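Its first residue numbered 1, the sequence shown is counted upward by one per residue in full-length UniProt numbering.
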Amino acid sequence: GSSEETDQQESLHKLLTSGGSSEDNFRQHFAHLKANVIEAINELLTELEGTTDNISMQALEHIHSNEVIMTIGRSRTVEAFLKDAARKRKFHVIVAECAPFCQ
1 GSSEETDQQE
11 SLHKLLTSGG
21 SSEDNFRQHF
31 AHLKANVIEA
41 INELLTELEG
51 TTDNISMQAL
61 EHIHSNEVIM
71 TIGRSRTVEA
81 FLKDAARKRK
91 FHVIVAECAP
101 FCQ
């Protein structure tokens with residue numbers, strides 16, 4: 001309940017205001033830190049590479065026949081989503097201008 005939340009807030013406050021110089025905190029050696037960060041970034045990149053496909057696979061769940069879809073600007077993800085739906089459904093798309101760049 002609220003006592004847990006208060007305890008967490010107090011703990012965070014103690015952590016942030018605890019004594020000692022901030023320089024001490026950055027002098028600790030963390031084994032394999034660089035490798036762990038690189039691995040996490042690579043996992044994120046792999047996940048991001050598949051997001052457009054994952055999103056466009058859901059198109060038929062969201063777009064129905066004879067609908068009018070309005071979008072703004074240009075997006076590769078939205079374009080893939082709409083093209084995937086257009087393979088099996090007929091619908092209209094209105095793209096509003098996104099001035100001044102018209103993207």
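By construction, the Cβ of each residue, glycine as well, lies at the ideal position given by its N, Cα and C atoms. From a predicted model like this one, the values you see are computed outputs, not experimental measurements.
Could you give the distance in angstroms between the alpha-carbon of R76 and the alpha-carbon of N42?
Cα-Cα distance, rounded: 22 Å.
Out of T71, L82 and T46, which has the shortest C-alpha to C-alpha gap to K61?
Per the sequence shown, residue 61 should be read as Glu rather than Lys. Of the candidates T71, L82 and T46, the one whose C-alpha sits nearest the C-alpha of E61 is L82.
Where does the unbroken alpha helix (DSSP H) through A85 begin, and where does it stop?
Element bounds for A85: R76 to A86.
Cβ neighbour criterion (16 or more within 10 Å) applied to A31
With fewer than 16 Cβ atoms within 10 Å of its Cβ, A31 is classed as exposed.
Straight-line gap, A40 to K34 (C-alpha atoms, nearest Å)
Straight-line Cα distance between these residues: approximately 10 Å.
Simplified DSSP assignment, three categories, for H32
In this structure, DSSP gives H32 a state outside helix and strand, which the three-state scheme calls coil.
Per DSSP, which residues does A96 bridge with? Please list them.
Under the DSSP definition of a beta bridge, A96 partners with I72.
So I72 and C98 are in contact, right, with Cβ under 8 Å, and what is the actual spacing, rounded?
Beta-carbon to beta-carbon, I72 and C98 are separated by about 6 Å, close enough to satisfy the 8 Å threshold.
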